[in-house]
Amino acid sequence: QLKTRILDILWNETDFDAAVRRVLILVGNEFSADSVYISEYSVSDSQFINTYLWTAPGFMDSAWNRKDTNQKRLAAQKGAFAMGSTTAFWSTDTLPEESAAILKRLGTRSLLQAPIQAQGRLAACIGLSDSVRFRTDWEGNTKTRECVMTIAQIIGIFLLKTRYEQINGDYQNKLEKSLLASQKRTDAAYDLLDSISSGVILVRLYPDGRAKPLYANLGMYRILRIPRTAEDAVVPDRNAAVLESEYFDDFFANIPEPDNQWVRQDYQEGFKKDHFSVKKYRLLRGDGTYVCVRSDLSLRESTAECRIYYATYTDMSEEISLQSNLMEMLQKEKQITADLEKANRAKSDFLSRMSHDIRTPMNAIMGMSSIARAHLEIKERLVDCLDKIDSSAKLLLSIINEVLDMSKIESGKIDLSSEEVSLPKLIEDVMDVFRPLVGEKHQTLQVNANRVRHEKVVTDGGRLQQVLVNLLSNAIKYTPEGGTIGLRIQETPSFAKGKGQYSFIVTDSGIGMHEDFIPHLFEPFTRADDASIHNIQGT
């Protein structure tokens, strides 16, 4: 839920700084931290800068400077993350005295940090501090540290994307100011344009939607992956540079469909504006590959015939990669959630089946034990009770053995076994389970097997017995005192050679069910919502 809330904030909040401050409050409260901060590493200054900091109410933060130039701490942080993307934990209780002194000066007893990496280097980190306690949950709880690591990755994607856009925006603003300051193409202006990594094209737009490039800087040639033969990057000799000329003959020629149609439309609509942008479309490169770009156009001059714009091109590959990584991470989160839900469902079904199947033979054992205790002087009655207790105990043992077979529970499947079964003996064992229960409720239990021609069969006796026990258990449970329960076994003709077809019909004079509940009859562990059965255990 925390990760979902963080994603919602970062996606929906238009002010990135405000979004990060809200996220730090969430993280601080979730992990009971005294402070939460994000430090960004400056390569040029060799220092961490705490660009975002949240402190709990009443916690003094005067010791946390925005710039942290302590070389020992910097070395420790970089060293902790040198082995890959993992969290690092420090505490004054476990660090050497010299290293612990660094944390004490910051008023910190426990510190948990997770790295934010960009292209294999440490770009920033998120840290949680506690000024009072030694946080064993931060040190030893793997799930907590994995969660903090995931939060760092989520924040990192948005942080790096924002910084990338800010840097690119600064580049673009500087470029536009430089270009707008000069109305003529001078050698100085060309040198400046060629020194910029972004692609720049001087393009002439016409009211009917046509566009003719007049100039392209080196950055644009690098994006397109074609050699520049044109002098001063103006329109080249079409006979000398065929590939290069294709880009200058038709501004839209190397934009594939379906992008081509809507890009042309955006340029035609932008003709009336001094500034406009065209978002994310593909360009065919000279080597046959495609690059995704964004173009931003600023008006240079306007005539009665046409308008001339500076078009700045930005390679969007890195941003698309960041978005792809984020989507992949979200997909993994969904899969984890689905797996957890599946495990919970399996556990619930397991507990329901276990309680339902075990209750009936256990009741029979308890009933027979009571009868045996009341007739200790009658040997024949005692032996009969012990035989029935033994039969119910075997049924109970087979159910317990199945319960303990976790592989079947997890897969949701069962395997049928084949064994020689005597139907009269099986029915007698089932009746032994229920005679005490029927006697307690003064019910009549009738068995009819007159149409059975083959009494010895090969089948899964345990499963057959389990089904009959469950059906008869419900029949007895929902039939009032003095009622009648019946079990009728029939053998009908079978068209398969060597195989028999049998039907086992359980009837009772109990409460029955409403017709509108019949469609739900075979749903697991459900029963009709009837006030008359609320005091009856089971499903």
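Per our numbering, residue 3 is the first one in the sequence shown, and the count goes up by one each step. A virtual CB, placed ideally from N, CA and C, is assigned to each residue, including glycine.
How close, in whole Å, do the beta carbons of Thr-316 and Val-295 come, if the pair is a contact with beta carbons under 8 Å?
Working through the sequence shown from its first residue, we reach residue 316 at position 314. Working through the sequence shown from its first residue, we reach residue 295 at position 293. At roughly 6 Å, the Cβ-Cβ gap stays under 8 Å, so Thr-316 and Val-295 are in contact.
Quick check on the DSSP output: the alpha helix (DSSP H) that includes Gly-463 runs from which residue to which?
Locating residue 463 in the sequence shown gives position 461, counting from the first residue. From DSSP, the alpha helix (DSSP H) with Gly-463 extends over 463-479.
Between the C-alpha atoms of Tyr-223 and Ser-319, what's the straight-line distance to the nearest angstrom?
Numbered from its first residue, the sequence shown carries residue 223 at position 221. Numbered from its first residue, the sequence shown carries residue 319 at position 317. Cα to Cα, Tyr-223 sits roughly 16 Å from Ser-319.
Using C-beta distances below 7 Å, list every residue in its chain close to Gly-484, excluding the 5 sequence neighbours before and after it, in chain order.
As a first step, residue 484 is located in the sequence shown; it is residue number 482 there, counting from the start. Answer for Gly-484: His-444, Gln-445, listed in chain order.
Apart from the five residues just before and just after Thr-146, which ones in its own chain have a Cβ nearer than 7 Å to its Cβ?
As a working note, residue 146 is residue 144 in the sequence shown. Closer than 7 Å at Cβ, skipping near neighbours: Asp-139, Trp-140.
If contact is defined by three or more beta carbon pairs under 8 Å, each pair taking one atom from either stretch, is the region 3-14 in contact with the region 110-124?
Segments in contact, no.
Using only alpha-carbon positions, find the residue among Leu-418, Asp-386, His-456 that is nearest to Met-433.
Against the sequence shown, residue 433 aligns to sequence position 431. Taking only the C-alpha atoms, the option nearest Met-433 is Asp-386.
Between Asp-359 and Ser-371, what straight-line distance do the alpha-carbon atoms span, to the nearest angstrom?
The sequence position of residue 359 within the sequence shown is 357, counting from 1. The sequence position of residue 371 within the sequence shown is 369, counting from 1. When rounded, the distance between both Cα atoms is 20 Å.
Give a yes or no on whether the C-beta atoms belonging to Phe-506 and Leu-470 are separated by under 8 Å.
As a first step, residue 506 is located in the sequence shown; it is residue number 504 there, counting from the start. As a first step, residue 470 is located in the sequence shown; it is residue number 468 there, counting from the start. It is a contact, given that the beta carbons lie within the stated cut-off.
So Ile-203 and Ile-157 are supposed to be a Cβ contact under 8 Å. How far apart are they, rounded?
Here residue 203 corresponds to residue number 201 of the sequence shown, with the count starting at 1. Here residue 157 corresponds to residue number 155 of the sequence shown, with the count starting at 1. Rounded, the Cβ-Cβ distance is 36 Å, inconsistent with contact.
When DSSP labels each residue in this structure, what does Lys-281 get in the three-state scheme?
Sequence index remark: in the sequence shown, residue 281 carries index 279 (1-based). Residue state, collapsed to three classes: strand.
Please report the distance separating the alpha-carbon of Leu-177 from that of Lys-163.
Translated into the one-based positions of the sequence shown, residue 177 becomes position 175. Translated into the one-based positions of the sequence shown, residue 163 becomes position 161. Straight-line Cα distance between these residues: approximately 21 Å.
Pair every Cβ in the region 280-294 with every Cβ in the region 253-265, then say whether three or more of these pairs are closer than 8 Å.
Judged by Cβ distances under 8 Å, the region 280-294 makes contact with the region 253-265, as three or more pairs qualify.
May I ask you to list the residues that DSSP assigns as paired with Trp-92?
Within the sequence shown, numbered from 1, the residue matching residue 92 stands at position 90. Partner(s): Leu-113.
In the DSSP assignment, find the unbroken beta strand (DSSP E) run with Leu-2 in it and report its ends.
Because the chain here runs from 3 to 541, residue 2 falls outside it and cannot be looked at.
What are the boundary residues of the beta strand (DSSP E) that Lys-214 is part of?
The residue given as residue 214 occupies position 212 in the sequence shown. Its beta strand (DSSP E) spans residues 213-218.
Measuring straight from C-alpha to C-alpha, what distance separates Ser-2 and Thr-339?
The question about residue 2 has no answer here: the residues shown for the chain are numbered 3 through 541.
I'd like the list of long-range same chain contacts for Gly-488, defined as Cβ closer than 6 Å, with 5 residues on each side in sequence excluded.
Counted from its first residue, the sequence shown places residue 488 at position 486. These residues qualify, in order along the chain: Gln-448, Thr-509.
Does DSSP put Ala-451 in a helix, in a strand, or in coil?
As a first step, residue 451 is located in the sequence shown; it is residue number 449 there, counting from the start. Here Ala-451 sits in strand by DSSP.
Cα separation between Phe-254 and Pro-209?
One-based indexing of the sequence shown puts residue 254 at position 252. One-based indexing of the sequence shown puts residue 209 at position 207. Spanning the two alpha carbons is a distance of roughly 15 Å.
Quick check on Cys-308: does DSSP put it in helix, strand or coil?
By 1-based counting over the sequence shown, the position of residue 308 is 306. Looking at Cys-308 - three-state DSSP - the assignment turns out to be coil, as it is neither helix nor strand.
Less than 8 Å separating the beta-carbons of Tyr-95 and Phe-50?
Here residue 95 refers to the residue found at position 93 when the sequence shown is read from its first residue. Here residue 50 refers to the residue found at position 48 when the sequence shown is read from its first residue. The amino acid occupying residue 95 in the given sequence is Asp; Tyr does not appear at that position. No, these two residues do not count as a Cβ contact at 8 Å.
What's the gap between the Cα of Tyr-504 and the Cα of Thr-144?
Position 502 of the sequence shown, counted from the start, is the residue given in the question as residue 504. Position 142 of the sequence shown, counted from the start, is the residue given in the question as residue 144. The alpha-carbon atoms of Tyr-504 and Thr-144 are separated by roughly 56 Å.
Using DSSP with H/G/I as helix, E/B as strand and the rest coil, what is Ser-297?
For the purposes of this step, residue 297 is taken as the residue at position 295 of the sequence shown. In this structure, Ser-297 counts as strand in the three-state DSSP scheme.
Return the chain-ordered list of same chain residues with a C-beta closer than 6 Å to the C-beta of Ser-297, the five sequence neighbours on each side being excluded.
The residue you call residue 297 lines up with position 295 of the sequence shown. Same-chain partners within the cutoff: Val-280, Ala-313, Tyr-315.
Locate the beta strand (DSSP E) running through Asn-52, then write down its first and last residues.
On the sequence shown, residue 52 is found 50 positions in, with the first residue counted as 1. Note, Asn-52: beta strand (DSSP E), 49-57.
Closest by CA to Arg-227, which one among Gly-211, Asp-252, Leu-207, Gly-201?
Start at 1 with the first residue of the sequence shown, and residue 227 comes out as number 225. The residue with the shortest Cα to Cα distance from Arg-227 is Gly-201.
What residue range is occupied by the uninterrupted beta strand (DSSP E) comprising Gln-3?
Taking the sequence shown and counting its residues from 1, the one referred to as residue 3 is at position 1. From DSSP, Gln-3 is part of no beta strand (DSSP E); its letter is neither H nor E.
Near Asp-252, what residues of its chain come up, given a Cβ to Cβ distance below 7 Å and the 5 sequence neighbours on each side ignored?
For the purposes of this step, residue 252 is taken as residue 250 along the sequence shown, with counting starting at 1. Excluding residues within five positions, none has a Cβ falling inside 7 Å.
Residue range of the beta strand (DSSP E) that Thr-2 falls in?
Nothing can be reported for residue 2: it is not among the residues displayed for the chain, which extend from 3 to 541.
Are Trp-92 and Leu-108 closer than 8 Å when you measure CB to CB?
Within the sequence shown, numbered from 1, the residue matching residue 92 stands at position 90. Within the sequence shown, numbered from 1, the residue matching residue 108 stands at position 106. No. Outside cutoff.
Exposed or buried, Asp-172, counting other C-beta atoms within 10 Å across all chains shown (16 or more means buried)?
The residue you call residue 172 lines up with position 170 of the sequence shown. Exposed, because fewer than 16 other Cβ atoms sit within 10 Å of the Cβ of Asp-172.
Just to confirm the assignment, what range does the beta strand (DSSP E) spanning Leu-378 have?
To locate residue 378, count along the sequence shown from 1; it is residue 376. Note, Leu-378: premise wrong, no beta strand (DSSP E); not H, not E.
By how many angstroms is the C-alpha of Asp-36 removed from the C-alpha of Gln-155?
What you label residue 155 is simply residue 153 of the sequence shown in a count that begins at 1. What you label residue 36 is simply residue 34 of the sequence shown in a count that begins at 1. For Gln-155 and Asp-36, the distance between alpha carbons rounds to 22 Å.
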